[in-house]
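Residue 1 is where the sequence shown starts when you use full-length UniProt numbering, and the numbers rise one by one after that.
Glycine included, C-beta positions come from ideal geometry on N, C-alpha and C.
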Amino acid sequence: MKTKKDSQPMSDITALTTEILLPALEQAIDATVIIGQDNEIIFYNHAAEALWGIPRAEVMGRNVDCLVPVRLRHEHDRYIDRNRESGHNRIVGTSREVEFTRADGEYICGELSLSKVQITKDGRKLTYYMGVMKNVTEESQRRKILILQNDVLQALASDMLIQDIGELICRKVEAFVPNSVAALLVLDDAQPWRVICTSALPPRIRNALETTVPSPSDVEKLKANPSYTGRLVWDNYQSMCRSLGLQSCYAAPVLAGDGRVTGIFALYLREPNQLGAWPQRLVGSCLPFCALALEQHATKTHLTQLARYDSLTGLLNRGALHRVMEDIIAQPGNRTLAIFMLDIDADFSHLRQFRVIL
């Protein structure tokens, strides 16, 4: 005996499925976009409106490249058409992380998964694509900060120089923030003010930063008001930076454990900020890594000082002098070498030994 459900025509089931499917996609919490044979948008749900910040009326029927980052638009159609013609589904059925900016300029990181449906209509084979985009901005930013932390800690453990560690931090940050230039400005006793950066920082800006040493008053203002960093690394050079393509800057002081200012970490953007709070958050996350690297550098410098110099006179100690003489003797060529040595006791009361070696 057939039940009412069993006797329902297949066409009714199909129609019912369609009636359920589209409203379900419309209410999905993840952005869903479906494109037709000519890459035109034929479905765009409420979540997609919220994610891209573009009303449905402005995108329906338009090419899907209006949702694609500008730098990728020129090849987007060709890429989709090649996928249609070849039938190779290299990204269909997989997910990938993509970065773009909303209509209001906010930086978004999404996880995109694609599906492909092929049908035959009037003897013509048609291919439709559905993309589902999940907003993973927070998770992506957190993961990038953890990656940076891991790389810096490994560099510190491997005994890398502060120059190399600083360049590593700048290089990672520049990879995480599109069209950016990072710089670590170091303030220490060995060299009053130096800039550690990658080659992305224009030489003119680097030279300008290095030749302007902050005064003791500037350092005190940095401790009291972190926003004062903007005056030191941006306000004083704003015209030059803009002429060289840098439009804005985020910066903060690097503080040691005892509160001393040991440097400044700055991030310059080549475009007006369209990344929301991400650049400022990344700068803030870099400060502990920079502080740790600079503290390790200061410790190494101090140990080197103790190993090479006499603590009382500040002159090279005996071991360091021996190494200097060995280096001089090892130099090629016939030359006359004269060494004059005075051995004086601790209280300088008399000469215990007076030798002249020729």
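Where DSSP assigns a beta bridge to residue i, which residues make up the other side?
{"i": "N236", "result": "N236 pairs with nothing; no bridge assigned."}
{"i": "E139", "result": "DSSP lists no partner for E139."}
{"i": "F100", "result": "I108"}
{"i": "Q247", "result": "For Q247, which the question treats as bridged, DSSP gives no partner whatsoever."}
{"i": "A252", "result": "F265"}
{"i": "Y128", "result": "V117"}
{"i": "K134", "result": "E111"}
{"i": "S95", "result": "S113"}
Using 7 Å as the threshold, is the C-beta distance between residue i and residue j below it?
{"i": "V92", "j": "G110", "result": "no"}
{"i": "M130", "j": "S115", "result": "yes"}
{"i": "T32", "j": "L25", "result": "yes"}
{"i": "L209", "j": "V219", "result": "no"}
{"i": "L287", "j": "V254", "result": "yes"}
{"i": "L201", "j": "V181", "result": "yes"}
{"i": "D30", "j": "A47", "result": "yes"}
{"i": "I264", "j": "T304", "result": "no"}
{"i": "L72", "j": "W52", "result": "no"}
{"i": "C290", "j": "Y268", "result": "no"}
Since residue i and residue j are thought to touch, with beta carbons under 8 Å apart, how far apart are those beta carbons, to the nearest angstrom?
{"i": "D188", "j": "A298", "result": "6 Å"}
{"i": "L294", "j": "V186", "result": "7 Å"}
{"i": "N236", "j": "T211", "result": "Contact doesn't hold; Cβ gap of about 11 Å is too wide."}
{"i": "Q247", "j": "P272", "result": "5 Å"}
{"i": "T127", "j": "R62", "result": "About 19 Å separates the two Cβ atoms, so there is no contact after all."}
{"i": "V177", "j": "W278", "result": "7 Å"}
{"i": "F43", "j": "I34", "result": "4 Å"}
{"i": "A57", "j": "N45", "result": "That pair is no contact at about 14 Å."}
If you follow the beta strand (DSSP E) that residue i is part of, which residue opens it and which one closes it?
{"i": "I41", "result": "41-44"}
{"i": "Q163", "result": "Careful: Q163 lies outside any beta strand (DSSP E), inside the alpha helix (DSSP H) at 162-176."}
{"i": "T32", "result": "31-35"}
{"i": "R62", "result": "First-last for R62: undefined, no H or E at that position."}
{"i": "L201", "result": "Unbroken run through L201: none, as it is neither H nor E."}
{"i": "L185", "result": "180-186"}
Can you tell me where the alpha helix (DSSP H) with residue i in it begins and where it stops?
{"i": "P216", "result": "216-224"}
Checklist entry - Curious, which full-length alpha helix (DSSP H) runs of at least 4 residues does the stretch 65-92 contain? => result 73-86
Checklist entry - Could you give the uninterrupted runs of the alpha helix (DSSP H) lying entirely in the stretch 254-338, keeping only those of 4 residues or more? => result 278-308, 318-330
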